[in-house]
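Participant:
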Amino acid sequence: MTNYNFIATATFGLEATVKREVIRLGFENVKTQDGRIDFTGPLSAIPQANLWLRSADRLLLRVGEFEALTFDELFEKTKALNWQEWITSDGKFTVTGKSVRSQLFSVPDCQAIVKKAVVEKLKQTYKKEWFEETGPEYKIQVGLLKDKATLTIDCTGAGLHKRGYRAMSVIAPLKETLASALIELSYYRKDRIFLDPMCGSGTLPIEAALIAKNIAPGLSRSFVSEGWPQIPKSLWKEARAQAYSAIDQDARPEIYGSDIDPDAVALAKNNARKAGVDDCIRFKEAALEALELPGQYGVAIINPPYGERIGRVPQVEKLYENMGRLFQSDQTWSVYVLTANEDFEKLYGKKADAKRKLFNGRIKTDYYQYYGMRPPRN
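Shown next, in the form of structure tokens:
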């Protein structure tokens, strides 16, 4: 069986989370670098990884990697790669690029050279001088880091955060991939209560429900590589069939989401219905200060307003104070809060047991973690 080289890209700070997902899927030779997890797998890894990776940004096929100090070197080494194994004679392909701390720093020039090299290789293979580019889509990326060039083809298309259930959202939504990672970094399990008291369009409760019921996050969407003739349709069909059979139909998670905005609550309910988990989540309109905790030993994960981004700073500070009063009233609850507000611990009224630096889009944030009492064993 032929194995191929893949890269699962990751938001800064989430590499370890994505690595665990890759290992759980059974792939081999897993290695972590900044913003990426390299691994190997068979052709079936393309549908499997696209369907199941929850926290990764996208899946890339690594075609080649080499040192490139000059444009001539970039051209010749790119041309030597086996592009014909993937790009068909009618394939439509584009080239994007990035360069960090490399002698070849002009990204437009690097893109043009890679495009020319690939065209020359395809001319040799297909004995053609003109390509109509009306067939399957292939997005090539040239990434230069410290003079090492990595050439990849995107296997995903629209980013993996595009689950398909969130057609609309509230202001400053949390990406689905980051929401899933926040849950992965918590103590949440399907037998514990889950609460998001500022749920917005419902991303965190919905991702918690997908995890609790073991629903593959990519099950309701399509991927660019589904149009590649190199991947038999049977592999996609089999991967989807396996994903459907893996759903835990007996799981009955107890998940709550609330928000002060009635429009957000209505939107969250609609998104949950589209995701197929509306039977798992109880949404309601409620202000934080009016909430009561729905039981003990629960897990709350919250992405509140940061102050700089939404709302007035005094209102946000009052919100954090109310949050502290609510959750410190019951020491059995584990609470996780993502915010860019550096005074959060002071306002919340308690120092976090741990915190992790993460990026929410371009915003530097901290993920504050408060560990509640462990639930008693059955």
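Residues in the sequence shown are numbered consecutively from 1037, following the working numbering.
Where a beta carbon is used, it is the ideal one built from N, C-alpha and C, also for glycine.
Note that the structure is a prediction, hence the values are computed from the model and not measured.
(1) Given this structure, state the Cα-to-Cα distance separating residue 1257 from residue 1083, to the nearest angstrom.
(2) Looking at the secondary structure, which residues open and close the beta strand (DSSP E) in which residue 1295 lies?
(3) Compute the Euclidean distance between the alpha carbons of residue 1346 and residue 1234, then round it to the nearest angstrom.
(4) Nearest by alpha-carbon distance to residue 1079: which of 1110, 1271 and 1301 is it?
(5) Between the Cα of residue 1043 and the Cα atoms of 1166, 1187 and 1118, which residue gives the shortest distance?
(6) From which residue to which residue does the beta strand (DSSP E) around residue 1270 run?
(7) I want to know whether the stretch 1266 to 1280 touches the stretch 1210 to 1218 - three or more CB-CB distances under 8 Å.
(8) Is it true that the CB of residue 1103 sits closer than 8 Å to the CB of residue 1190?
(9) Going by alpha carbons, who is nearest to residue 1338 out of 1404, 1227, 1174 and 1305?
(10) Could you give the DSSP three-state label for residue 1086: helix, strand or coil?
(11) Going by DSSP in three states, residue 1412 sits in which element: helix, strand or coil?
(12) What residues in its chain sit with their C-beta under 6 Å from that of residue 1156, if we drop five residues either side in the sequence?
(13) Give a yes or no on whether the C-beta atoms belonging to residue 1407 and residue 1389 are separated by under 8 Å.
(14) Could you tell me which uninterrupted beta strand (DSSP E) segments, each at least 3 residues in length, are contained entirely in the stretch 1040 to 1121, listed from first to last along the chain?
(15) Classify residue 1105: buried if its beta carbon has 16 or more other beta carbons within 10 angstroms, exposed otherwise.
(16) Contact between the stretch 1084 to 1095 and the stretch 1050 to 1060 is defined here as three or more beta-carbon pairs at a separation below 8 Å; is this criterion met?
(17) Roughly how many angstroms separate the alpha carbons of residue 1050 and residue 1142, rounded to a whole number?
(18) Which two residues bound the contiguous alpha helix (DSSP H) that contains residue 1372?
(19) Look at the alpha carbon of residue 1239 and the alpha carbon of residue 1101, and state the distance between them as a whole number of angstroms.
(20) Helix, strand or coil for residue 1179? Go by DSSP, reduced to three states.
(21) With a threshold of 7 Å on Cβ separation, who are the neighbours of residue 1059 within its own chain once the five nearest residues in sequence on each side are excluded?
(22) Whole-angstrom Cβ separation of residue 1396 and residue 1214, contact assumed at under 8 Å?
(23) What ranges does the beta strand (DSSP E) occupy inside the stretch 1123 to 1172, keeping only unbroken runs of at least 3 residues that lie completely in it?
(24) How long is the line joining the alpha carbons of residue 1352 and residue 1342, rounded to whole angstroms?
(25) Looking at C-alpha atoms only, which residue of 1126, 1071, 1273 and 1199 is the closest neighbour of residue 1168?
(26) Using the rule of at least 16 other Cβ atoms within 10 Å of the residue's Cβ for burial, across every protein chain shown, is residue 1062 buried or exposed?
(27) At the level of alpha carbons, what is the spacing between residue 1290 and residue 1227?
(28) Would you give the residue range spanned by the alpha helix (DSSP H) that residue 1189 belongs to?
Facilitator: For this structure:
(1) 12 Å
(2) 1291 to 1295
(3) Residue confidence for residue 1346 is low, a pLDDT of 49 falling below 50, so the modelled location carries little weight; the figure read from the coordinates is stated next. Each residue's Cα considered, the two are about 13 Å apart.
(4) 1271
(5) 1187
(6) Element bounds for residue 1270: not the beta strand (DSSP E) but the alpha helix (DSSP H), 1269 to 1282.
(7) no
(8) no
(9) 1404
(10) helix
(11) coil
(12) 1115
(13) yes
(14) 1040 to 1045, 1064 to 1069, 1072 to 1077 and 1094 to 1103
(15) exposed
(16) yes
(17) 29 Å
(18) Premise fails: residue 1372 lies in the beta strand (DSSP E), 1370 to 1375, not in any alpha helix (DSSP H).
(19) 37 Å
(20) strand
(21) 1066
(22) 6 Å
(23) 1128 to 1136
(24) 7 Å
(25) 1126
(26) exposed
(27) 8 Å
(28) Looking at the DSSP string, residue 1189 is not in any alpha helix (DSSP H); the run it does join, the beta strand (DSSP E), is 1184 to 1190.
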